[in-house]
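Student:
In UniProt numbering, the protein residues as written are 1 to 479.
1. May I have a chain-ordered list of the alpha helix (DSSP H) segments no shorter than 4 residues that lie completely inside the segment 150-212?
2. Roughly how many angstroms lie between the CA atoms of residue 101 and residue 365, to the nearest whole one?
3. If you drop the 5 nearest sequence neighbours on each side, which residues of the same chain put their C-beta closer than 8 Å to that of residue 191?
4. For residue 404 and residue 426, what's the separation of their Cα atoms in angstroms?
5. List the endpoints of the continuous beta strand (DSSP E) containing residue 49.
6. Mind checking residue 358: buried by the 16 CB within 10 Å criterion, or exposed?
7. Helix, strand or coil for residue 467, going by three-state DSSP, please let me know.
8. Are there 16 or more other CB atoms within 10 angstroms of the CB of residue 128, so buried, or fewer, so exposed?
9. Tell me the rounded alpha-carbon separation between residue 327 and residue 304.
10. With contact counted as at least three CB pairs below 8 Å, one residue from each stretch, are the segment 217-224 and the segment 134-145 in contact?
11. Would you list the residues sitting across from residue 123 in a DSSP beta bridge?
12. What separation, rounded to the nearest whole angstrom, lies between the Cα atoms of residue 479 and residue 273?
13. Beta carbon of residue 281, beta carbon of residue 242: below 8 Å?
14. Could you say which of 114, 331, 174, 222 lies nearest to residue 277 if we only look at CA atoms?
15. Tell whether a beta-carbon distance below 8 Å holds between residue 301 and residue 240.
16. In three-state DSSP terms, what is residue 429?
17. When the Cα atoms are used, what is the spatial distance from residue 287 to residue 321?
18. Within the same chain, show all residues whose beta-carbon is closer than 8 Å to that of residue 87, passing over the 5 residues directly before and after it, in chain order.
19. Specify the secondary structure class of residue 365 as computed by DSSP and reduced to three states.
20. From the beta carbon of residue 412, is the nearest beta carbon of chain C less than 8 Å away?
21. Which two residues bound the contiguous alpha helix (DSSP H) that contains residue 267?
22. Using C-beta distances below 7 Å, list every residue in its chain close to residue 233, excluding the 5 sequence neighbours before and after it, in chain order.
23. To which residues of the same chain is residue 224 closer than 7 Å at the C-beta, ignoring the five residues directly before and after it?
24. Whose C-alpha, out of 1, 22, 41, 27, is nearest the C-alpha of residue 9?
25. When the Cα of residue 151 is compared with those of 113, 7, 194, which residue comes out closest?
26. Using DSSP's beta-bridge definition, name the partner residues of residue 375.
27. Leaving aside the five residues before and after residue 270 along the sequence, list all residues of the same chain whose C-beta is less than 8 Å from its C-beta, in chain order.
28. Can you tell me whether DSSP reads residue 20 as helix, strand or coil?
29. Assuming the contact rule is C-beta atoms closer than 8 Å, residue 79 and residue 95 should be a hit. Round their C-beta distance to whole Å, please.
30. Which whole runs of the alpha helix (DSSP H) in the UniProt domain "UmuC" (26-148) are 4 residues long or more, in chain order?
31. Return the Cβ separation of residue 99 and residue 11 in integer angstroms, given the expectation that the two are a contact with Cβ distance under 8 Å.
32. Would you mind sorting residue 360 into buried or exposed? The rule is 16 or more other CB atoms within 10 Å of its CB.
33. Just the C-alpha distance for residue 295 and residue 49, rounded to the nearest angstrom, thanks.
34. Between the beta-carbon of residue 475 and the beta-carbon of residue 420, is there less than 8 Å?
35. So, helix, strand or coil for residue 478, using DSSP?
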């Protein structure tokens with residue numbers, strides 16, 4: 001059976017509450033008037049609440065009942081997010097608003113010869129997102145959809161058994177217009193099999209061309225074209241909070257769930273990111289935008305949660321947060337961490353990544369501009385050959401500047417003073433030198449100095465220089 005249909009019976013409710021902590025209260029969806037129940041989740045149904053019941057009766061049965069408003073936009077968002085999560089396993093997915101996804105399975109047979117196992121894996125993945133799902137396969141999109149919407153699973157059964165289940169469906173449960181279903185019942189047609197046995201001419205004459213086309217698609221004699229989902233090159237989640245949040249600690253739980261979805265999205269796309277934009281929407285205050293940055297691109301949820309935690313520790317909320325948005329606009333290629341050929345952790349390979357993660361945590365805690373780095377410049381003057389700048393998030397360059405002279409690491413220290421210190425010649429025991437540096441005639445920083453390695457009375461090793469006026473200065477220290 002080529003087609004798999006995923007039906008989400010409580011999508012309108014679960015999309016609004018799936019980021020909430022457990023246990024969740026029984027919830028219902030109200031109609032536009034706000035006085036009648038349109039949809040009730042399983043806990044509400046277990047308490048006796050049904051669709052069509054008045055709000056007054058429902059709240060009498062469950063005083064703590066959660067009442068939500070219908071949102072087609074949120075249902076569409078949920079379908080899009082679910083399709084993005086499943087895209088790695090199945091390449092051809094069609095959105096069927098407002099409660100379903102259609103997946104074409106035959107193209108995945110080379111990777112997944114056992115389609116039953118693939119179907120079970122997809123169901124588990126959707127359930128991990130917090131959605132209730134009914135899944136069924138069929139020989140065509142319409143058959144798969146009818147079986148799924150009626151809760152008939154096709155795992156472990158043959159094509160003939162699935163066809164028998166389909167034909168046994170009550171005519172009232174086949175997504176036909178209410179007037180058409182009633183007319184068929186008056187004719188004595190109570191199951192889909194009885195309807196499919198009717199002659200085409202009589203169906204077309206009595207019910208029109210539209211129903212005739214639907215029946216042709218259902219028996220596979222007429223093509224049913226689909227619009228395939230194309231994943232966007234960005235990540236966005238809008239999270240409605242179950243209650244207003246006054247302290248930043250309350251944001252960590254929903255953020256953790258969002259970062260897990262982000263990790264799965266990035267893994268599917270074999271990408272990572274070094275920047276996440278967080279927008280906190282206050283109840284009675286302008287929204288606050290927060291940039292979460294990493295010194296190295298990463299896809300891991302635990303890394304982004306740690307960065308967010310360090311960033312939020314320094315933040316005081318201006319007001320109560322009603323909802324927030326998480327956006328990723330810049331995607332980078334995912335480069336796996338280097339491992340040794342024996343699949344054991346190599347300290348030399350993992351050290352650079354660990355250092356970059358450490359600097360990311362520092363930037364989150366202290367602020368981006370507070371963490372700085374030194375860069376070499378192509379200048380013979382030692383005090384101008386190093387400059388300070390804000391630590392960049394990009395990967396460090398593999399290019400390396402080597403100052404002239406084969407003995408640079410041995411003859412010059414890595415510890416240079418911002419301001420040279422004057423020193424008396426009598427305090428110095430010269431150990432090596434001189435190294436004459438006379439340059440900079442083209443700018444306002446010309447120098448003429450003789451540099452020496454020297455030892456001070458306290459036996460510390462330093463790098464000193466002498467100016468033409470015979471004054472001595474300490475330029476830096478050897479480790």
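Just so you know, even glycine gets a beta-carbon here, dropped at the ideal spot from N, CA and C.
Tutor: If we stick to the structure as given:
1. Whole alpha helix (DSSP H) segments, 4+ residues: 159-167, 178-186, 192-196, 200-207.
2. In this structure, the straight-line span from the alpha carbon of residue 101 to that of residue 365 is close to 42 Å.
3. Answer for residue 191: 167, 168, 169, 170, 171, listed in chain order.
4. Below a pLDDT of 50, predicted positions are generally treated as unreliable, and residue 404, at 44, falls in that range; no measurement from the model is reported.
5. Annotation for residue 49: no beta strand (DSSP E) segment contains it, and DSSP assigns it neither H nor E.
6. Taking a 10 Å sphere around the C-beta of residue 358, we find fewer than 16 other C-beta atoms and assign the residue as exposed.
7. Three-state result, residue 467: coil.
8. Per the 10 Å Cβ criterion, exposed.
9. Rounded to the nearest whole angstrom, the CA to CA distance from residue 327 to residue 304 is 13 Å.
10. Yes, they touch.
11. Beta bridge pairing from DSSP links residue 123 with no other residue.
12. Roughly 38 Å separates the two Cα atoms.
13. Cβ distance not < 8 Å, so residue 281 and residue 242 don't count as in contact.
14. Out of 114, 331, 174, 222, 331 has the C-alpha closest to the C-alpha of residue 277.
15. Cβ atoms of residue 301 and residue 240: not closer than 8 Å.
16. Residue 429 falls in the strand class under three-state DSSP.
17. The alpha-carbon atoms of residue 287 and residue 321 are separated by roughly 9 Å.
18. The residues are 93, 229, 231, 268.
19. Looking at residue 365 - three-state DSSP - the assignment turns out to be helix.
20. The question asks about chain C, but that chain is absent: this structure has only one protein chain.
21. Note, residue 267: alpha helix (DSSP H), 252-269.
22. Listed in chain order, the non-local C-beta contacts of residue 233 below 7 Å within the same chain comprise 331, local neighbours out to five positions each way being set aside.
23. Cβ within range, chain order: 140, 141, 142, 217.
24. The shortest Cα separation from residue 9 among 1, 22, 41, 27 belongs to 41.
25. Looking at the Cα atoms, 7 is the closest of the given residues.
26. Answer is 387, bridged to residue 375.
27. Answer for residue 270: 333, 334, listed in chain order.
28. In the structure shown, residue 20 sits in coil (DSSP, three-state: anything other than H, G, I, E or B).
29. Right, the Cβ-Cβ distance comes to about 5 Å (below 8 Å), so this counts as a contact.
30. List check, alpha helix (DSSP H) in window: 42-46, 55-61, 72-86, 115-128.
31. Indeed, because the Cβ distance is near 5 Å, the residues count as touching under 8 Å.
32. By the 10 Å Cβ count, residue 360 comes out buried.
33. Distance between the alpha carbons of residue 295 and residue 49: 52 Å.
34. Taking the C-beta atoms as reference points, residue 420 is found nearer than 8 Å to residue 475.
35. DSSP places residue 478 in coil when its eight states are reduced to three.
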